[in-house]
Structures are given as C-alpha cells and as structure tokens.
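Residue numbers (my numbering): 5 to 503.
Backbone N, C-alpha and C fix where the C-beta goes; we use that ideal spot for every residue, glycine too.
Bear in mind that the values here come from a model prediction, so they are computed numbers and not experimental data.
Written as structure tokens, this is what we have:
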C-alpha cells in the first residue's frame, strides 16, 4: 500500500494566495502543494471571500450550483476553480451573503454575529462540492473550528454516512484559543440534531455548541502544529478547557511542526530586499541592516544590537513583558524595530515608549510585507517572547535570513530553536523559560554580550542559515498519517442518536 496514490481534500477558511489573516493561511498555501509533489491527487476548498481578486487569480466558474439546508431553508452556493497553487485543484465556494464582506471573520468591533451559519454552510457545502464533483477522497483534512462540523456531518447525516464511510478525517488545531463557540440554537440552524448537545462525545462545551470540539471529537486523527504544543494542550495551563477532551484522544493526537516555503522566504532570491545574500557572503546582510535602520529613522551603528519583531500585538505574543522590558534597555546598546497591529492597549503603550525614545524604538502599526522582509534580513535577532506559541513561523523564517531568534521555550518555539553554546559552537538562538520581564531581560543581555564577539556571533548566524525547515520533512509525516490512519469506530453519541 505504500506506493498507492491517495486522494486528499484539504478544507480550510483561508489559504495564501487567496485570503489570509494568520499563519494557517501560509500553511495551507504550502502543505497541499508539498503533498501533491509527493505524487498524490490533492484538492483544496475555501470560501470565496469578497476580498479575493477573481481576475488576478484567474478564477473559473463551474456550471451548476450546490444546495445546503441552513436555518430551515435551502441556501445555494456556486463553485469556482483556480490553479493558483501548483499541482492543487482549488475550489472556492461562493455565497455573497455569507462571504462578500470586507473581512474574513469580523471587524475590529467583533466577530460577525452569523459566523456560526457562515461556517456551518461552508462545512456542509464543502461535502456537497466533493459529492457533486465526484472527488471521492481517501482523506479529508480539516483545519480549525471553521471546518469542525465537517466530520459531524459526515458521520451523522443520513445521506452522507454511506458515501463517506471509508473516508478518513484529519483535523488540525492551529490554535486552541480560537474555538467557534455558539448558542444552543446553532444546532438547529446548522441542520443537526439536539442529541449532539452532549458533554461526553458531543458538541456541548460549557453550555455552548463548540465547532472546535466537534472537530476534535468526531475526527479520526487530530494534529497540532508542533509536538510540544500537542502535549501542552493536554495540560490545565494551556488546555483552555479542552485538556480533558484531548487527553481522551491522546492516542490519536499528533504534533507536526509547520514548514516554510523557501521559494517565498530565501535571502538569496528575495526580490524585496535591497541586497540579496547567502551564507557564503554575510557582509551583504549588513547592507540590509543599514537599509532597515535608515527606513526606520534610526542612526546607523555597527555596535548596537538590532532587535526585530513582527507580531500580532497581544498578550499571547508576550507584549505584556516586552513593554515592561523595553524601557530598561533604552540605555543599552540596542535598537527595537517592531511591526504589527493588535490590541489597543499595546498600541498605546508602544506609542508612548516610542515618543520617549524615537532614537531607540521604531514601531509600525500595520502589515507591511516589504518592511517585514527587510526586518527579517536587516535585524540582528528576531524576538518572539510568546506566552504560548502553537508553532510559529517567524523563527523559521528569521533563521533562513541569518537572524537568530530569541524566544520563550514554549510550543513550536521549543521544538525549533536550541540555545546557542559559545564553547561548543552549537545552537541556533536564545531561549528563556519563565514568562517574566526578568527572564526576557536576561536573555536579551546574553544576546547583547554575544553580539560583541563577532567570531561567536558569525558561528551562530551560520548555524541558523544551515537549518532546513522546508515542507519536505513535515509533508512526509502528514502523508504517513494519511496512509496509516484508520476509520475511527462510531462514537457512542452517534450510535444513540441513530438508534
């Protein structure tokens, strides 16, 4: 069976180059193509948002439509096809009432109030698309709460049970904090039976209907985006109420580190850099450093450590301890360059700090792709002091650019960054354990001190650039799960509901 060609359908709410709010989009823009290159038949299904440029991505409308029962009536959707991802047939579900909006999930004021129906429709419509186009997958690979109802529909809706009986379902949790919890009435609107509202092997979660729990309970295999995170979410501190559920599925729970696409992230070929470079000529990296300081209006200095950060500005990302630590480093040989947006609290704190020391701290509240590439190339270290981090992509990218990461030991950061040992010349960055200002400052001082030893520093940079976090290894691990996973026995709640 090892050589058999598999049919795999990925279903997700966002994917590069179509739509993106976070790292999941990068994963789904790369992983399906990596699986396809291994010789398998791969399809991808996402919503057709109003923000997607249909002409640029050369979308082609397919004939006919699909019908989905939502809130007691039939909602119709149309299907578009794209070949934007090499080797992957991408299908986009169009429903202007649900997806023809300026944002994917909501506005700065809050989530869209009909997100429950938007993604109930998407989950059921994805299965109807699979049926209409006769894709006949061996595996359906779902991602995050927006697709959590897919395995429920597959295993509990009469007209779907037989058709998908031999199809396995994988469900990937990219971030447990995003759960898709809705009112009880959601079940009826989604066309699901009340008997599913059960704490044991059902969708009930602290009095709400949880789409995330639906995916976890009804899928055959569950994955997270790093081995450490898969263990952390089974513990009280980071389980967020799901730790008991996940412990019962521990035998089916796997952690696979995300990869990055070196076609997009490679300093030797990066068209957005002022000067391209490789590990064979690190002197050219210094020219990007100079360009970064100039763009950020910071005075050039070869002796000051440039600390770069690209992040959502939120407590999860460590902005609480960072905003406390920055003032204590204003008199040190260090610059901070921060790019991102997020919670207003941290916008206000960073604005206040920047106004005090514009010659030490540059903050840009935006997503600026050109500046992001320049920060990866021009910084001396890349900062990720996260409270928790399921995987993280920034540290993987920064290492390729010869910018050692400074991270907290959690989740995927723990799995991908090893502390540098100057005496042995091993390691790829700086790692601290406790989520405190003091631990962060200690690690930053270690980086400042090592920066003064150019021989040791160059060894660290070389170690980083030597790492390989392409999708090749991770894709093989997913493929192993696709091949060796088995159809899970019908859960007790399903048996009772169907009796």
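Bridge partner(s) assigned by DSSP for residue i
i: residue 341; result: 312, 366
i: residue 346; result: 317
i: residue 255; result: Beta-bridge pairing links residue 255 to no other residue.
i: residue 186; result: 213
i: residue 388; result: 411
i: residue 208; result: 213
Contacts around residue i, its chain only, beta-carbon distance under 8 Å, and the 5 residues preceding and following it disregarded
i: residue 512; result: Only positions 5 to 503 of the chain appear in this structure, which leaves residue 512 out of reach.
i: residue 88; result: 21, 22, 61, 62, 94
i: residue 42; result: 479, 480, 483
i: residue 362; result: 301
i: residue 250; result: 220, 226, 237, 238, 243, 257
i: residue 303; result: 297, 363
i: residue 266; result: 404, 474
i: residue 372; result: 343
i: residue 318; result: 346, 347, 350
i: residue 201; result: 188, 191, 207, 208, 213
i: residue 358; result: 365, 366, 367
i: residue 181; result: 244, 320
i: residue 413; result: 435, 436, 437
i: residue 270; result: 404
Burial state of residue i (16 or more Cβ within 10 Å)
i: residue 217; result: buried
i: residue 488; result: exposed
i: residue 459; result: exposed
i: residue 110; result: exposed
i: residue 470; result: exposed
i: residue 360; result: exposed
i: residue 117; result: exposed
i: residue 223; result: buried
i: residue 499; result: Reliability of the predicted coordinates at residue 499 is poor, the pLDDT of 41 falling under 50, and the value obtained from them is presented with this limitation in mind. Residue 499 is exposed by the Cβ-count criterion.
i: residue 486; result: buried
i: residue 333; result: buried
i: residue 306; result: exposed
i: residue 352; result: exposed
i: residue 377; result: buried
i: residue 106; result: exposed
i: residue 78; result: exposed
i: residue 437; result: exposed
i: residue 14; result: buried
i: residue 80; result: exposed
i: residue 290; result: exposed
i: residue 210; result: exposed
i: residue 393; result: buried
i: residue 275; result: exposed
Close beta carbons around residue i, own chain, < 6 Å, minus the five adjacent residues each side
i: residue 104; result: 54
i: residue 467; result: 432
i: residue 228; result: 177, 234, 259
i: residue 92; result: 36, 37, 40, 46, 48
i: residue 183; result: 149, 214, 216
i: residue 321; result: 315, 390
i: residue 73; result: 195
i: residue 5; result: Note that residue 5 scores 41 on pLDDT, short of 50, meaning its location in the model is unreliable; the coordinates nonetheless yield the value given after this. Same-chain partners within the cutoff: there are none.
i: residue 120; result: 186, 190
i: residue 175; result: 146, 219, 223, 226
i: residue 423; result: 431, 435
Chain-order list of residues whose beta-carbon lies under 7 Å from that of residue i (same chain, five-residue window excluded)
i: residue 131; result: 154, 157, 158, 164
i: residue 44; result: 9, 10, 12
i: residue 418; result: 232
i: residue 273; result: 280
i: residue 461; result: 454, 455
i: residue 379; result: 296, 312, 314, 341, 343
i: residue 292; result: 277, 278, 279, 378, 381, 382
Start-to-end residues for the alpha helix (DSSP H) that takes in residue i
i: residue 146; result: Residue 146 -> not in any alpha helix (DSSP H); beta strand (DSSP E) instead, spanning 143–147.
i: residue 32; result: 27–41
i: residue 377; result: 373–382
i: residue 330; result: First-last for residue 330: undefined, no H or E at that position.
i: residue 243; result: 240–243
i: residue 231; result: 231–236
Limits of the beta strand (DSSP E) - the one that residue i falls within
i: residue 424; result: Here residue 424 belongs to no beta strand (DSSP E), and DSSP marks it neither H nor E.
i: residue 248; result: Run containing residue 248: none in the beta strand (DSSP E); it sits in the alpha helix (DSSP H), 247–252.
i: residue 172; result: 172–177
i: residue 151; result: No beta strand (DSSP E) holds residue 151; DSSP gives it neither H nor E.
i: residue 45; result: 45–51
i: residue 226; result: 225–228
i: residue 12; result: 11–15
Unbroken stretches of the alpha helix (DSSP H), 4 residues or longer, contained in the segment 54–128: 100–103
Segments assigned alpha helix (DSSP H), at least 4 residues, entirely inside the segment 401–479: 415–420, 441–455, 458–470
Completely contained alpha helix (DSSP H) runs for the segment 259–307, where each covers 4 or more residues: 287–299
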